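What follows is a set of notes on a single structure, which appears directly below.
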Amino acid sequence: MSLQDFDRYLTNAISILKRKMPKEVVIIHHDDADGLCSAAITQKALEREGIKAKTLCLEKVYAEVIEDIHSKTEQTIFYVDIGSSHADLISEYNRGRNLTIILDHHDPKVSKDPKVLDLNLENFGFKGETDFSGATCCYLFAKALNLENKDLGYLALVGSCEIPVGFKAVNEVILEESLKAGIVQKKGKSFEITRLKVNVDSLFSKLQILGAVGYYENGPELGIRVCLEGINPEIDKKINIMEERRKEVNRKLLGMLFREKLRETEHIQWFDAGDLYAGMGTKVVGQFCSFLSYQARLVKPNKYILGFVNVPTDIPKWGKLKEKFAKASVRVPKPMQQSIDSGRLPGAVNLLEKATQGFGMADGHQYAANVILPADRKMELIEKAEDVIK
Ligand SMILES: [Mn+2]
Numbered sequence: 003m004s005l006q007d008f009d010r011y012l013t014n015a016i017s018i019l020k021r022k023m024p025k026e027v028v029i030i031h032h033d034d035a036d037g038l039c040s041a042a043i044t045q046k047a048l049e050r051e052g053i054k055a056k057t058l059c060l061e062k063v064y065a066e067v068i069e070d071i072h073s074k075t076e077q078t079i080f081y082v083d084i085g086s087s088h089a090d091l092i093s094e095y096n097r098g099r100n101l102t103i104i105l106d107h108h109d110p111k112v113s114k115d116p117k118v119l120d121l122n123l124e125n126f127g128f129k130g131e132t133d134f135s136g137a138t139c140c141y142l143f144a145k146a147l148n149l150e151n152k153d154l155g156y157l158a159l160v161g162s163c164e165i166p167v168g169f170k171a172v173n174e175v176i177l178e179e180s181l182k183a184g185i186v187q188k189k190g191k192s193f194e195i196t197r198l199k200v201n202v203d204s205l206f207s208k209l210q211i212l213g214a215v216g217y218y219e220n221g222p223e224l225g226i227r228v229c230l231e232g233i234n235p236e237i238d239k240k241i242n243i244m245e246e247r248r249k250e251v252n253r254k255l256l257g258m259l260f261r262e263k264l265r266e267t268e269h270i271q272w273f274d275a276g277d278l279y280a281g282m283g284t285k286v287v288g289q290f291c292s293f294l295s296y297q298a299r300l301v302k303p304n305k306y307i308l309g310f311v312n313v314p315t316d317i318p319k320w321g322k323l324k325e326k327f328a329k330a331s332v333r334v335p336k337p338m339q340q341s342i343d344s345g346r347l348p349g350a351v352n353l354l355e356k357a358t359q360g361f362g363m364a365d366g367h368q369y370a371a372n373v374i375l376p377a378d379r380k381m382e383l384i385e386k387a388e389d390v391i392k
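This is how it looks when you write it as structure tokens:
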């Protein structure tokens, strides 16, 4: 499995798309900076082919939403920076109805529907944790669709800022070709996007806020526009207000935890933020848990940190979920990470997967993970997680 195999698979997917030549497609994308960059690249590239692309931003692959979208026929659906981890579910709901193209870097499941094509580079020997992002995958698709799309290379780099090891493997090649073409230029320790006059990492941080904090106030759509047109003072002000609001709730929650302490079981320390973050995307609770993991005065170094938050039932641009959900985010304090590496303790994502088997949808990695579960089963999660650890 190599880049050549990927290219062949990609060329095949594009010829299927071109044979179909839809007038309109749907792009389902993730809510973080990588997800917004992925949507922007894909939308622009399709637009250049005369294909209109509507976007739908999802924080999670909700079965109810996927079932609804795939129940219709004759559509073309893209999943970008989301979808691979649920390719099995997507193909089950699709039942051969719609051409579905997944451009993602999360751990892939196998699609059983030949109409659901997963172009995740993990299927071709690369690692989604280090070598490429969702936006990288979208950029390779865009470039194969039309070489003109090389000017979007900067967005692959912006999206890839979520990868902590820097621009490696596929990303290193994209950086080099974008530098050579003058799409980006070296500026201090960072790279400036020549056309938009903004640094790659600075655009990344702003998009993270727009997508996550601004999820319920059109942040994702605004973010896609920012990807293609850059920042202006008005949007910048909006972003600052969003960030201030989030920090304010963080301070409030932190104060509460200092007064009331986290609840504890043998291996878990946890809290419930309830509706404190109402109006913001649920990603913010994960960011808060990360921050918490460094607060030595507040958290124990030898217990998983778990934070609950209620999930609003609204999915912007789709409708209302029937069921009430909560989200749980887990972070592993640094001193515990070695025990996970050595296999003495389960990794965060394994823990959540096992503890919510049959009722939760878990995603993530060894030290950071989250799960969506029915709101009335929070305690069951804690109890079952303890069983799993024991
Ligand atoms: Mn991503």
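Take any residue in the sequence shown, note its place counting from 1, add 2, and you have its number in the numbering used here. Built from N, CA and C at the ideal position, the CB exists for glycine as well. These figures come from a predicted structure and were not determined experimentally.
Contact test: residue i Cβ vs ligand 1 heavy atom, cutoff 7 Å
i, result
"Asp36", "yes"
"Asp33", "no"
"Glu174", "no"
"Gly85", "no"
"Gly366", "no"
"Ser135", "yes"
"Glu164", "yes"
"His107", "yes"
Status (buried if at least 16 other CB within 10 Å, exposed otherwise) for residue i
i, result
"Glu246", "exposed"
"Thr44", "buried"
"Glu124", "buried"
"Ile88", "Looking at the sequence shown, residue 88 is not Ile but His. Answer is buried; the Cβ neighbour count reaches 16."
"His367", "exposed"
CB contact flag (residue i, residue j, <8 Å)
i, j, result
"Asp106", "Ser93", "no"
"Ala330", "Leu308", "yes"
"Ala146", "Ser162", "no"
"Gly213", "Asp34", "yes"
"Asp316", "Lys324", "no"
"Lys305", "Glu250", "no"
"Leu91", "Ile68", "yes"
"Val200", "Phe193", "no"
"Leu353", "Ala387", "yes"
"Lys25", "Lys46", "no"
"Ala364", "Pro314", "no"
"Leu177", "Phe169", "yes"
Residue i - containing beta strand (DSSP E), residue span
i, result
"Gln339", "First-last for Gln339: Lys336 to Asp343, but that is the alpha helix (DSSP H), not the beta strand (DSSP E)."
"Met363", "Met363 to Gly366"
"Asn242", "Premise fails: Asn242 lies in the alpha helix (DSSP H), Pro235 to Glu262, not in any beta strand (DSSP E)."
"Asn148", "Neither: Asn148 is in no beta strand (DSSP E) and is coded neither H nor E."
"Asp120", "Val118 to Asp120"
"Gly309", "Tyr306 to Val313"
"Asn372", "Ala370 to Pro376"
"Arg333", "Phe327 to Arg333"
"Lys170", "Here Lys170 belongs to no beta strand (DSSP E), and DSSP marks it neither H nor E."
"Thr102", "Leu101 to Leu105"
Helix, strand or coil at residue i [DSSP, three-state]
i, result
"Asp33", "coil"
"Gln77", "coil"
"Ile82", "Correcting the residue type first, residue 82 is Val in the shown sequence and not Ile. Note: Val82 maps to strand in three-state DSSP."
"Thr57", "strand"
"Gln1", "Outside the modelled stretch of the chain, which goes from 3 to 392, sits residue 1, for which no answer is possible."
"Ile176", "helix"
"Asp7", "helix"
"Val200", "strand"
"Val112", "coil"
"Ala275", "coil"
"Glu49", "helix"
"Val28", "strand"
"Thr267", "coil"
"Ile165", "coil"
"Phe193", "strand"
"Val287", "helix"
"Gly216", "coil"
"Lys322", "strand"
"Ile68", "helix"
Where the alpha helix (DSSP H) containing residue i begins and where it ends
i, result
"Ala89", "Ala89 to Asn96"
"Glu355", "Ala350 to Ala357"
"Ile226", "Gly221 to Glu231"
"Leu383", "Lys380 to Ile391"
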